[in-house]
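Working notes, beginning with the structure itself.
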Amino acid sequence: TVVGVSRDSIRSHENFKTKQDLPFDLLSDVDEKLCAQFSVIKEKKLYGKLVRGIERSTFVIDGQGALKHEWRGVKAPGHAQAVLDFVKSL
Numbered sequence: 001t002v003v004g005v006s007r008d009s010i011r012s013h014e015n016f017k018t019k020q021d022l023p024f025d026l027l028s029d030v031d032e033k034l035c036a037q038f039s040v041i042k043e044k045k046l047y048g049k050l051v052r053g054i055e056r057s058t059f060v061i062d063g064q065g066a067l068k069h070e071w072r073g074v075k076a077p078g079h080a081q082a083v084l085d086f087v088k089s090l
C-alpha cells in the first residue's frame, strides 16, 4: 500500500490528487502527530528566516509495522524508481 502524508488539508489533497492523477491516497496530518512520530519537522532557512518545514522523506513499512528503510531529504527526480527497486528487492 502506498500513501502520501503532509500537513495540507483534506481538500488540498483531493485537488492535488485529482490534478496529478495519483493512484494512491493522501493523508492529512494538520495536527502534525505523524510528522512528529517520524521526526520530519525541521527548521529551515527560507529567504533568510528560520521556519518550520517538512523534510521530504519516504518510509517503507512492512505489514507488521516495522520500518524497513527510510530516505530523508529526498529530491523527486529518480526517487520513485529507487523506492520501487528497494521494494522489489524485499
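Going by the numbering used here, the letters in the sequence shown line up with residues 1 to 90, in that order.
Glycine included, every Cβ here is placed at the ideal spot set by N, Cα and C.
DSSP bridge partner residues for residue i (one or two, in chain order)
i       : result
Asp-25  : Val-3
His-104 : Nothing can be reported for residue 104, as the shown portion of the chain is limited to 1 through 90.
Ile-41  : Ile-54
Lys-49  : Leu-46
Cβ separation of residue i and residue j, assumed to be a contact under 8 Å, to the nearest whole Å
i      : j      : result
Ser-57 : Trp-71 : 6 Å
Simplified DSSP state of residue i, which is helix, strand or coil
i      : result
Leu-90 : coil
Arg-56 : coil
Val-30 : coil
Val-83 : helix
Sub-9 Å separation of residue i and residue j beta-carbons
i      : j      : result
Gly-4  : Asp-25 : yes
Ser-9  : Val-40 : no
Glu-43 : Leu-34 : no
Exercise. Per the contact definition of three or more C-beta pairs closer than 8 Å, is the segment 73-89 in contact with the segment 46-65?
Worked result: Taking 8 Å as the limit for Cβ pairs, the verdict is that the segment 73-89 does touch the segment 46-65.
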